[in-house]
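S.K.:
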Amino acid sequence: MLNSISISIRGCLLLFTALVLFSFPSKAQRFFSVVFDQLPKDMQMYAREANNMAEIPISGVIEIPGWDHMSVVTYRNNDRYDYQRSTLNYDGKTQARFSMKTTIEAEIADYSVEVWACKQADSILMVRRTDVAAGDFYLIHGQSNGAAIKFDVWGDKYCRTIARIPDNDPVRTPGDTLWIQSSWSHPYAGAWGIHLQRLILEKHGIPTTIINASLPGAKISYFLQRNASNPADPYNLYGSLLHRMNVARPKTIKGFFWYQGEQEALENIPGYEASFDQLYQYWRQDFPNVENFYVIQTNILYSPLSPSIRDFQRRTKYLYEKTDHLSTLGLDLEDDGVHYPLEAYKEFGRRVFYFLEPRHYGAEPNPEAEWPDVRKIFYTTSAKDEIALVFQSGQRMEWPQDSLIKGENGADVRISNKDFFYFDGDFSQKGIITAGKAEGNRVTLSLDKGVNAGKLTYLPLEKPENVSVLRGPYIRNSRKLSIFSFADVNIAAPLAPPALTLTGTETGVRIAWQSVAGADSYVIEKKVGESLFVTLAEEDGGAGSYTDTEVIPNTSYTYRVYAVNAAAESAYTMADIVFSPILGSEPLAANNFLISPNPVREDINLEFRGLQTGRVSLRTITGLTLFSGMLESRDRYSIPCRQLGSGIYFITFENSEGIITTKKFIR
């Protein structure tokens, strides 16, 4: 035992002595005579990959000969978890390279690594790193609402950032980078960013790192001050974020949030679109590992340029690759009308979480986790006294009731969304819209007279009279996400509603419609009783028909059809029917068939009058298809029925000419 200890001491002294004899790269980490070019730091996080694992690379050079291999031992919650080694090949030199990697899971667990220099009779611990983790990375850049400097009491060591502890060491510079808990650091990770981390951790057990380099009051021009010879220069606003990202070196970044634009709106600074375009080109060059850029539409600020800036932020999703958008409209504002209290920042973090959850954390997709964005605006009548706004499919829109607030002079002020719409950029027009209503993904505006406007804007240019801070309520979806504000969106010409007829058949309800001038396709929707409408199909072309076979006898259904083109949609045409199937009629003799036995226990047999080609299907009385198969030039066909429960079923045959015959049998 004493002999092995003395060997280890001699080995340490030998490695330490070599420290002064060899140079090493300035960015490398040296321990004795081992120089690492890849080595985790305490608290470091690595980006998880699709398999929920992250690789930790460890590599470098040992600068003295005589050692057999380097090894890394990984511990999970202090239990040995993994062992890897790298054989040293000196090739006649006095130094040798090594390279290893260990893999850890993205989870709430404490990982640590030990790196050893080894030979046959000796091994020496070079370095130990603790609290290493795997998880997701997010970046935040912008101005004060990106920085979101409102401190909460919550924090967790699995929610991290790269920054420094505030005032812990005054001599530290902006370029310093420490892996620390995100809840108390400089630069601050931000109130809504930290709450996003908390929700990801508590609901899905995934650690996260947020790097935030936002600066209150920063104009977009500040972010364009990029040092071309050193884009990661930590002493400018652009490089301060890139520098920290380069220190972290994550393989992937889930999202880059851009929250800026208030300064241009407040100061009425032109050229926002061109500046953003240049900035985006820099991002694509310097942040290639970002999966998605998220542009956050700012709240209402009153200036001539504010509506157009917000509308551009709304449209970035459709203008730039790998880009999506979010909105802050409807969050509770502070009295300055620009910033938010802590609870509103946390609410925004919650909304961002639900927005990201289907993308990265396995949640079921929900259209209403996304902010409603207007897709089409069009007149619905030839008199142009009604306008429809169509939002994403799956949105369930709500028109909020008017509300009363205390005005600046103490008198009651009525807040109504009908007062927030403006035609052709003329903000002096008021009182034209008399009412609004929401149904499905549509909002319909009723006008007191026909207008001939070509563009529509939502939200005021100037502060409403006698209102200190406008807080809504605004048009929203059923999850209370307010719509994106928009400016100068085209109002398309109306499409006429299609004529509609419903007919009961043996197999279901046949919906037929007439063609409409200017229409590209027709959407068929259905509901049962007081339920919501669901889309059955969208059919291209002119006049046509569609048969709904998912129907139950003696049940009332409502169908509606509307015409669609790229810019507009028609009003709905609706009709009701009680489905009563026509059974027992004899279609063309060549298409008819007999079924036996009836009732059936095992197989149902179909016998045709001559050779037939077509499709056979088996349905329940509720219209659910249990079996579908093809036959070609056959006069007999069998379907196994052993697994069927007791009840009434239907066999349908559709031949190659589209003629349909249905028979009923009992199991």
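The numbering used here applies: residue 12 is where the sequence shown begins, and numbers increase by one.
Ideal placement from N, C-alpha and C gives every residue a C-beta, glycine not left out.
Because the structure is a prediction, the values reported are computed rather than measured.
Please say whether T391 and Y433 have beta carbons closer to each other than 8 Å?
M.R.: Residue 433 sits at position 422 when you count from the first residue of the sequence shown. Residue 391 sits at position 380 when you count from the first residue of the sequence shown. Contact flag unset, no.
S.K.: Report buried or exposed for M408, applying the criterion of at least 16 other Cβ atoms within 10 angstroms of its Cβ.
M.R.: By 1-based counting over the sequence shown, the position of residue 408 is 397. Label assigned to M408: buried.
S.K.: Closest to L210 by CA distance: which of E368, T98, K675, D347 is it?
M.R.: Counted from its first residue, the sequence shown places residue 210 at position 199. Nearest option by C-alpha distance: E368.
S.K.: Could you give the C-beta distance for E302 and G266, rounded to a whole number, given that I count them as a contact under 8 Å?
M.R.: The residue you call residue 302 lines up with position 291 of the sequence shown. The residue you call residue 266 lines up with position 255 of the sequence shown. 7 Å between Cβ atoms; contact.
S.K.: What is the residue span of the alpha helix (DSSP H) that G204 lies within?
M.R.: Locating residue 204 in the sequence shown gives position 193, counting from the first residue. Residues 202 to 215.
S.K.: DSSP three-state label for L367, please.
M.R.: Walking along the sequence shown from the start, residue 367 turns up at place 356. In this structure, L367 counts as helix in the three-state DSSP scheme.
S.K.: Just to confirm, are S496 and Q308 a CB contact at a threshold of 8 Å?
M.R.: For the purposes of this step, residue 496 is identified with residue 485 of the sequence shown, where counting begins at 1. For the purposes of this step, residue 308 is identified with residue 297 of the sequence shown, where counting begins at 1. Result yes, Cβ atoms of S496 and Q308 sit closer than 8 Å.
S.K.: For the 8 Å Cβ check, are there 3 or more pairs between the segment 484 to 501 and the segment 335 to 346?
M.R.: Judged by Cβ distances under 8 Å, the segment 484 to 501 makes contact with the segment 335 to 346, as three or more pairs qualify.
S.K.: If you drop the 5 nearest sequence neighbours on each side, which residues of the same chain put their C-beta closer than 7 Å to that of I320?
M.R.: Translated into positions along the sequence shown, residue 320 becomes position 309. G272, E275, A276, Y283.
S.K.: Starting from the C-beta of S596, find all residues in its chain whose C-beta is less than 6 Å away, skip the five residues before and the five after it, and write them out in chain order.
M.R.: Translated into the one-based positions of the sequence shown, residue 596 becomes position 585. With a pLDDT of 40 at S596, under the threshold of 50, the modelled position of this residue cannot be trusted; read the value that follows with caution. Result list for S596: empty, nothing under 6 Å.
S.K.: Check whether the Cβ atoms of R453 and L400 lie closer than 8 Å to each other.
M.R.: By 1-based counting over the sequence shown, the position of residue 453 is 442. By 1-based counting over the sequence shown, the position of residue 400 is 389. For R453 and L400, yes; Cβs fall inside 8 Å.
S.K.: Please report the distance separating the alpha-carbon of A144 from that of C170.
M.R.: If you number the sequence shown from 1, residue 144 lands on position 133. If you number the sequence shown from 1, residue 170 lands on position 159. The alpha-carbon atoms of A144 and C170 are separated by roughly 10 Å.
S.K.: From the DSSP output, which residues share a beta bridge with Q192?
M.R.: Within the sequence shown, residue 192 is the residue found at index 181, counting from 1. Bridge partners of Q192: R171.
S.K.: Looking only at C-alpha atoms, which of A579, L622, I222, S240 sits nearest to A174?
M.R.: Mapped onto the sequence shown, residue 174 falls at position 163. Among A579, L622, I222, S240, the Cα nearest to that of A174 belongs to I222.
S.K.: With DSSP as the reference, label W294 as helix, strand or coil.
M.R.: As a first step, residue 294 must be located in the sequence shown, where it is residue number 283. Looking at W294 - three-state DSSP - the assignment turns out to be helix.
S.K.: With the cut-off set at 8 Å, would you say G204 and I151 are in Cβ contact?
M.R.: Reading the sequence shown from its first residue, position 193 is the one you call residue 204. Reading the sequence shown from its first residue, position 140 is the one you call residue 151. The answer is yes: Cβ separation under 8 Å.
S.K.: Could you check what DSSP says for V545 in three-state terms: helix, strand or coil?
M.R.: For the purposes of this step, residue 545 is identified with residue 534 of the sequence shown, where counting begins at 1. Three-state result, V545: strand.
S.K.: Comparing alpha-carbon positions, which option in F109, L629, I67, Y305 lies nearest T327?
M.R.: Counting from 1 along the sequence shown, the entry for residue 327 is found at position 316. Out of F109, L629, I67, Y305, Y305 has the C-alpha closest to the C-alpha of T327.
S.K.: What residues in its chain sit with their C-beta under 6 Å from that of F33, if we drop five residues either side in the sequence?
M.R.: In the sequence shown, counting from the first residue as 1, residue 33 sits at position 22. With a pLDDT of 34 at F33, under the threshold of 50, the modelled position of that residue is not reliable, and the figure given next carries that caveat. Within the same chain, F33 has close Cβ partners E74.
S.K.: Going by other Cβ atoms of all chains shown within 10 Å of its Cβ, with 16 needed for buried, is E536 buried or exposed?
M.R.: As a working mapping, residue 536 is identified with position 525 in the sequence shown. The residue is buried, with at least 16 neighbouring Cβ atoms inside 10 Å.
S.K.: For a test of the three-state rule: what should DSSP assign to N666, helix, strand or coil?
M.R.: For the purposes of this step, residue 666 is taken as the residue at position 655 of the sequence shown. DSSP places N666 in strand when its eight states are reduced to three.
S.K.: Are there 16 or more other CB atoms within 10 angstroms of the CB of K333, so buried, or fewer, so exposed?
M.R.: Translated into positions along the sequence shown, residue 333 becomes position 322. When all chains shown are included, K333 counts as exposed.
S.K.: Looking at Y351: is its Cβ nearer than 8 Å to the Cβ of F268?
M.R.: In the sequence shown, residue 351 corresponds to position 340, counting from 1. In the sequence shown, residue 268 corresponds to position 257, counting from 1. Going by C-beta atoms, Y351 is not nearer than 8 Å to F268.
S.K.: Relative to the C-alpha of A380, which residue among I388, S404, D343 is closest?
M.R.: Your numbering for residue 380 matches position 369 in the sequence shown. Of I388, S404, D343, the residue nearest in Cα terms is S404.
S.K.: In this structure, does DSSP put N156 in helix, strand or coil?
M.R.: As a working note, residue 156 is residue 145 in the sequence shown. In this structure, N156 counts as helix in the three-state DSSP scheme.
S.K.: Quick check: is the beta carbon of E643 nearer than 8 Å to any beta carbon in chain C?
M.R.: Judged by its chain identifiers, the structure shown contains no chain C, having just a single protein chain.
S.K.: If the criterion is Cβ atoms closer than 8 Å, does the pair I217 and A117 meet it?
M.R.: Working through the sequence shown from its first residue, we reach residue 217 at position 206. Working through the sequence shown from its first residue, we reach residue 117 at position 106. Result yes, Cβ atoms of I217 and A117 sit closer than 8 Å.
S.K.: Which residue from H371, A259, L99, W127 puts its Cα closest to that of A61?
M.R.: Numbered from 1 along the sequence shown, position 50 holds the residue referred to as residue 61. When only C-alpha atoms are compared, the closest one is H371.
S.K.: The alpha helix (DSSP H) that contains F323, what's its start and end?
M.R.: Locating residue 323 in the sequence shown gives position 312, where the first residue counts as 1. Run containing F323: 317 to 330, per the alpha helix (DSSP H) assignment.
S.K.: Taking the alpha carbon of A574 as the point to measure from, which residue in A554, I563, S567, E561 has its own alpha carbon closest?
M.R.: Taking the first residue of the sequence shown as position 1, residue 574 is located at position 563. For A574, the nearest C-alpha among the options comes from A554.
S.K.: Would you report the Cα separation of S479 and V385, rounded to the nearest angstrom?
M.R.: In the sequence shown, counting from the first residue as 1, residue 479 sits at position 468. In the sequence shown, counting from the first residue as 1, residue 385 sits at position 374. Cα to Cα, the separation comes out at about 28 Å.
S.K.: Using 10 angstroms around the beta-carbon of V589, count the other beta-carbons present and answer buried if the total reaches 16, otherwise exposed.
M.R.: Translated into the one-based positions of the sequence shown, residue 589 becomes position 578. Exposed is the call here.
S.K.: Between which two residues does the beta strand (DSSP E) harbouring A259 extend?
M.R.: As a position in the sequence shown, residue 259 is number 248, starting the count at 1. It is not in any beta strand (DSSP E) - A259 instead sits in the alpha helix (DSSP H) that spans 248 to 259.
S.K.: Going by the DSSP bridge assignment, what does N501 pair with across the sheet?
M.R.: In the sequence shown, counting from the first residue as 1, residue 501 sits at position 490. K466, per the DSSP bridge assignment.
S.K.: How long is the line joining the alpha carbons of V258 and T188, rounded to whole angstroms?
M.R.: Residue mapping note: residue 258 aligns to position 247 of the sequence shown, counting from 1. Residue mapping note: residue 188 aligns to position 177 of the sequence shown, counting from 1. For V258 and T188, the distance between alpha carbons rounds to 7 Å.
S.K.: Alpha carbon to alpha carbon, what distance is there between T172 and I486?
M.R.: Position 475 of the sequence shown, counted from the first residue, corresponds to residue 486. Position 161 of the sequence shown, counted from the first residue, corresponds to residue 172. So the alpha carbons of these two residues sit roughly 36 Å apart.
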